[in-house]
Amino acid sequence: MIGWKAGDLLDLRDLTKEDIELILETAKSFKEVSTRDIKKVPALRGKTVVMLFSEPSTRTRISFELAAKRLSADTLNVTVSASSLLKGESMLDMAKNIEAMNVDMIVVRHKSAGVPQILAEALGPGIINAGDGCRAHPTQALLDMFTIKEKLGKIEGLNIAIVGDILHSRVARSNIHGLIKMGANVTLCGPTTLIPPDIEQEGVKVTYKLEDVLKISDVLMFLRLQKERQEEKYLSSIREYTKLFGLNKEKLKMAKKNVIIMHPGPVNRGIELSADVADGPQSVILDQVTNGVAVRMAILYLLLGKKELVSDDLKGQGDS
Amino acid sequence: MIGWKAGDLLDLRDLTKEDIELILETAKSFKEVSTRDIKKVPALRGKTVVMLFSEPSTRTRISFELAAKRLSADTLNVTVSASSLLKGESMLDMAKNIEAMNVDMIVVRHKSAGVPQILAEALGPGIINAGDGCRAHPTQALLDMFTIKEKLGKIEGLNIAIVGDILHSRVARSNIHGLIKMGANVTLCGPTTLIPPDIEQEGVKVTYKLEDVLKISDVLMFLRLQKERQEEKYLSSIREYTKLFGLNKEKLKMAKKNVIIMHPGPVNRGIELSADVADGPQSVILDQVTNGVAVRMAILYLLLGKKELVSDDLKGQGDS
Amino acid sequence: MIGWKAGDLLDLRDLTKEDIELILETAKSFKEVSTRDIKKVPALRGKTVVMLFSEPSTRTRISFELAAKRLSADTLNVTVSASSLLKGESMLDMAKNIEAMNVDMIVVRHKSAGVPQILAEALGPGIINAGDGCRAHPTQALLDMFTIKEKLGKIEGLNIAIVGDILHSRVARSNIHGLIKMGANVTLCGPTTLIPPDIEQEGVKVTYKLEDVLKISDVLMFLRLQKERQEEKYLSSIREYTKLFGLNKEKLKMAKKNVIIMHPGPVNRGIELSADVADGPQSVILDQVTNGVAVRMAILYLLLGKKELVSDDLKGQGDS
Chain X
1 MIGWKAGDLL DLRDLTKEDI ELILETAKSF KEVSTRDIKK VPALRGKTVV MLFSEPSTRT
61 RISFELAAKR LSADTLNVTV SASSLLKGES MLDMAKNIEA MNVDMIVVRH KSAGVPQILA
121 EALGPGIINA GDGCRAHPTQ ALLDMFTIKE KLGKIEGLNI AIVGDILHSR VARSNIHGLI
181 KMGANVTLCG PTTLIPPDIE QEGVKVTYKL EDVLKISDVL MFLRLQKERQ EEKYLSSIRE
241 YTKLFGLNKE KLKMAKKNVI IMHPGPVNRG IELSADVADG PQSVILDQVT NGVAVRMAIL
301 YLLLGKKELV SDDLKGQGDS
Chain U
321 MIGWKAGDLL DLRDLTKEDI ELILETAKSF KEVSTRDIKK VPALRGKTVV MLFSEPSTRT
381 RISFELAAKR LSADTLNVTV SASSLLKGES MLDMAKNIEA MNVDMIVVRH KSAGVPQILA
441 EALGPGIINA GDGCRAHPTQ ALLDMFTIKE KLGKIEGLNI AIVGDILHSR VARSNIHGLI
501 KMGANVTLCG PTTLIPPDIE QEGVKVTYKL EDVLKISDVL MFLRLQKERQ EEKYLSSIRE
561 YTKLFGLNKE KLKMAKKNVI IMHPGPVNRG IELSADVADG PQSVILDQVT NGVAVRMAIL
621 YLLLGKKELV SDDLKGQGDS
Chain L
641 MIGWKAGDLL DLRDLTKEDI ELILETAKSF KEVSTRDIKK VPALRGKTVV MLFSEPSTRT
701 RISFELAAKR LSADTLNVTV SASSLLKGES MLDMAKNIEA MNVDMIVVRH KSAGVPQILA
761 EALGPGIINA GDGCRAHPTQ ALLDMFTIKE KLGKIEGLNI AIVGDILHSR VARSNIHGLI
821 KMGANVTLCG PTTLIPPDIE QEGVKVTYKL EDVLKISDVL MFLRLQKERQ EEKYLSSIRE
881 YTKLFGLNKE KLKMAKKNVI IMHPGPVNRG IELSADVADG PQSVILDQVT NGVAVRMAIL
941 YLLLGKKELV SDDLKGQGDS
């Protein structure tokens, strides 16, 4: 068995609304830990968390590493390109070896979709998907939902637009699954070439005009544009993309007064968002980063055997 | 003075049978630590262990890193190719610098034979050889011996075959020294081009036919084949090698019922071992990986000043 | 506000003589910690220190990492070339992200002068400059001053020569600012092409002959020569440079009997210093390395909120 109930976090499709609510609730308590003078609780002392990454991703890696350390777990970094993959060993062989060393959790990032699932099937419990290809990035979607709930008090009933390259975005895919489950009205917006043709089956609306979502949305979530999409003929030009789907101060005037602007980062300033919008009062981009640590603490905590938050686990001072 | 008595682990030739027995016995106690809920003892709190590697070797590096962390030591990774060797500094200069920072133990992996010895001579105590060129890999041989003893109850008197590229294998070399010392009957098996001509002086037998060892061996230890050996003219073809020296389910029928199959990893599946044999019931390959952490905990513990295991050092919960 | 008073260490020009004395005094107490059996105090438990490096620099990185660990802080390494800078994100964006994760201190090394200042202006307190371009390397100068005071009992009134490529040396620049402030008589010595034309305004003397400083100096501080300076036409030849500005046993006879030889490392043996001088009795090069950890412990400790050393912070055994 794999999936959330079995001790893995692979895809938000495996989680119920209640599972998501438990994670968000637990994360709320852990967020406070990172604001303490001594930012550490002993909850996962003596546990080992390995970051097994085949793609460079500093921000996701350090967010998980900090989350694990603030729970007093030991951490290990394994970058696959700099390691024995050079000798032709497969990711699966490497993961089996890591498991044999009595590691408690493997956080996996891989450029190929499905690799975390393969590992979860072959290994015992303890795989977290930190992003696989264009498929899923469940912890990003959870931290996005946490941030929405924190800023707007709820998710249900909100109008949420996801803008940009939906086709290649694991962030979009996971957010769609999560947000729909939580009762939001999700609209996708982007160039026709970058929206999957049958995506409406997931329960979302689609539009090809930013204006359609600007006025009605409570949340505007922009995706990072990979500039190589132009070379791959998905885009006529970056400038054209920005004109149609980028957000600047002028366009923002059309939006709801309390709209929040989200982005998984790193922002291409001047492409998806103008600098003044990215750094402006509506932007919650750095809150997303802050909340990422809390949400990942909650996920590690819940997956490593605690079915609910034990208040004692918020006490104490780290390794004491 | 360098060598085991002086606080270094460079080559199994420096150790007596009693030294090896002490390590294996100590490792047995530490193995249990890695199965606890809190996999940590405070034995090496406040000690610093540096992994100084000039070759990528994820599995050996993380095995040592986990061993050190489970003893509550602090760990530091220094990869020489990614570091100031770029500026022309020698490994020796770097090691002297690390020593000057009051580090307690330097775990060294280098592609040139003899580098750990050079460091041990120039520095104070505290060098562990994690593999140098084709010369020695003592911790691998110790974990192999631990695994043999664990599975078969003893080493003395066993028939043990080492199969493959003996010539270039530090794993073979260290196992020969250790196993002979422990009283095993060791037979080497491989292509004539890959067995050193005068190796029988070490007290081993040599054969060029796998069948000779298949029937009589209690342990079949296969070595990883470097595919570049074909280009270097040591081999006519990989396929030929596998036909003559690879093990598959068919050939395994000839072996003793309780034979164990070992491999230092990573396995070239389909070359040294067929996948069903590598993953089959006779294979103890992942046990080797598990035991590697326990054996390295024992080595770190014994080298850092404890002459025997103090039972108090198995108590407690990590950093407390 | 940025600078030492605000919680950053960017440049020794921001520090008063009293600030420097406080750091050196605090470092003295922390030096003793690294000689203990358990080299750890709990002073910064639950704090997080990130090493954000855009240049490979093993020795500075591990010195800071050890300093942080011996104060029981958690550490994270972020190498910018191996990370999301690949995706075009700026160092500033990365630093803002790291700050958003409630990190307490960012140690920054960057090949461009001014980057630590930019980060300090954009972020809250908590930036340490670990070397920026040719501009400043304040922690190196502080460990150099600590070593001088340790070996010679004082800094004030000493004759100190800095020899080599002053023009491109952040080490020289920071030492000039620190040593002048502490009352030393500083003379710069090197090829005319490698000494900035108006440097005497800083309060130093300049000479182009090594003999001028050999006889009178209490401290001879040699700088590492970048061999590419020859290609850049700053030097006629390396051999010529060594003849004029290198130190060997023969030339050393001209020096004061108690002179100390310093070098920030790694030494180009045979260029700046002959091997027998680099490893000889006058050399304090490895003392500099040892003291680097103590000085960085003091800096982390003082910047993270302790205005003076609390003696309780030297007690205890690490994470307990």
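Chains as they are written, first to last, in our numbering: chain X, 1 to 320; chain U, 321 to 640; chain L, 641 to 960. In this text, a Cβ means the ideal position worked out from N, Cα and C, and glycines have one as well. Only a predicted model underlies this, so the values are computations on that prediction, with no experimental measurement involved.
Check	Outcome
Which full runs of the beta strand (DSSP E) of 3+ residues lie inside the segment 148-192 of chain X, going along the chain?	159-163, 185-189
Would you mind stating whether L478(U) and D538(U) have Cβ atoms separated by less than 8 angstroms?	yes
Under 8 angstroms between beta-carbons, which chain L residues line up against G327(U)? List them in chain order, please.	Those within 8 angstroms of G327(U) in chain L number zero; the least Cβ separation is about 15 angstroms.
Could you have a look at S631(U) and say whether DSSP puts it in helix, strand or coil?	helix
Would you list the residues sitting across from N397(U) in a DSSP beta bridge?	M371(U)
Report the residue from V935(L), E705(L), I835(L), R710(L) whose alpha carbon sits nearest the alpha carbon of S809(L).	I835(L)
Identify every residue that forms a DSSP beta bridge with D772(L).	H750(L), A776(L)
Against chain U, does G905(L) count as a neighbour if the rule is that its beta carbon must be under 8 angstroms from one of theirs?	yes
Using a Cβ-Cβ cutoff of 8 angstroms, what residues of the segment 892-921 of chain L are near chain U? List them in chain order.	G905, P906, V907, N908
With distances taken from CA atoms, which of V524(U), D357(U), I519(U) is nearest M502(U)?	V524(U)
Does DSSP classify M861(L) as helix, strand or coil?	strand
Please report how far the alpha carbon of G905(L) lies from the alpha carbon of D927(L), in whole angstroms.	12 angstroms
Considering only residues of the segment 878-960 of chain L, which uninterrupted alpha helix (DSSP H) runs meet the minimum length of 4 residues and lie entirely inside it, listed in chain order?	878-885, 889-892, 915-918, 925-943
Within its chain, find whatever has a CB closer than 8 angstroms to the CB of S274(X); leave out the 5 residues flanking it on each side and keep chain order.	G246, L247, N248, K249
Could you name the residues of chain L that K416(U) contacts, counting a contact when the two beta carbons are closer than 7 angstroms?	L926
What's the C-alpha gap between L372(U) and A461(U)?	20 angstroms
With DSSP collapsed to three states, give me the class of V361(U).	coil
Taking the straight line between their C-alpha atoms, what separation do you get for V310(X) and I148(X)?	25 angstroms
Count Cβ pairs between the segment 412-422 of chain U and the segment 438-449 of chain U that sit closer than 8 angstroms; are there 3 or more?	yes
Measure the Cβ-Cβ separation of D452(U) and Q546(U) and say whether it is below 8 angstroms.	no
Which word fits Q437(U), buried or exposed, when buried means at least 16 other C-beta atoms lie within 10 angstroms of its C-beta?	buried
Kindly give me the distance between the Cβ atoms of D74(X) and K389(U), rounded to whole angstroms, as I take these residues to be in contact under 8 angstroms.	5 angstroms
Helix or strand or just coil, what does DSSP make of K407(U)?	Residue confidence for K407(U) is low, a pLDDT of 41 falling below 50, so the modelled location carries little weight; the figure read from the coordinates is stated next. If DSSP states are grouped into helix, strand and coil, K407(U) belongs with the helices.
If I follow the unbroken alpha helix (DSSP H) through K28(X), where does it start and stop?	17-33
Give a yes or no on contact between the segment 295-307 of chain X and the segment 54-67 of chain X, applying the rule of three or more CB pairs nearer than 8 angstroms.	yes
Using a threshold of 8 angstroms, state whether the C-beta atoms of A575(U) and V587(U) are closer than that.	no
What residues in its chain sit with their C-beta under 8 angstroms from that of C774(L), if we drop five residues either side in the sequence?	A753, L807, H808, S809, R810, R813
Could you tell me the alpha carbon to alpha carbon distance between L71(X) and Y301(X), rounded to whole angstroms?	8 angstroms
Kindly say whether S354(U), judged by its beta-carbon, lies nearer than 8 angstroms to any beta-carbon of chain X.	yes
List, in order along the chain, the chain A residues whose C-beta lies closer than 8 angstroms to that of S669(L)?	You won't find chain A in this structure, because its protein chains are X, U and L.
Give me the residue from M321(U), A363(U), E338(U) with the minimum Cα distance to L624(U).	A363(U)
Count the other CB atoms, across all protein chains shown, that sit within 10 Å of the CB of G728(L); report buried if there are 16 or more and exposed otherwise.	Unreliable positioning characterises G728(L) in this predicted model, as indicated by a pLDDT of 42, which lies under 50. The coordinate reading is nonetheless provided below. Answer is exposed; the Cβ neighbour count stays below 16.
For a contact defined as C-beta to C-beta under 7 angstroms, what are the partners of S703(L) on chain U?	M421
Near G327(U), which residues of its chain fall below 7 angstroms by C-beta distance, leaving aside the five closest residues on each side in sequence?	P445, G446, L623
Within 8 angstroms of any Cβ in chain L, is that where the Cβ of R239(X) sits?	no
Using a beta-carbon distance below 8 angstroms, is V289(X) in contact with chain L?	yes
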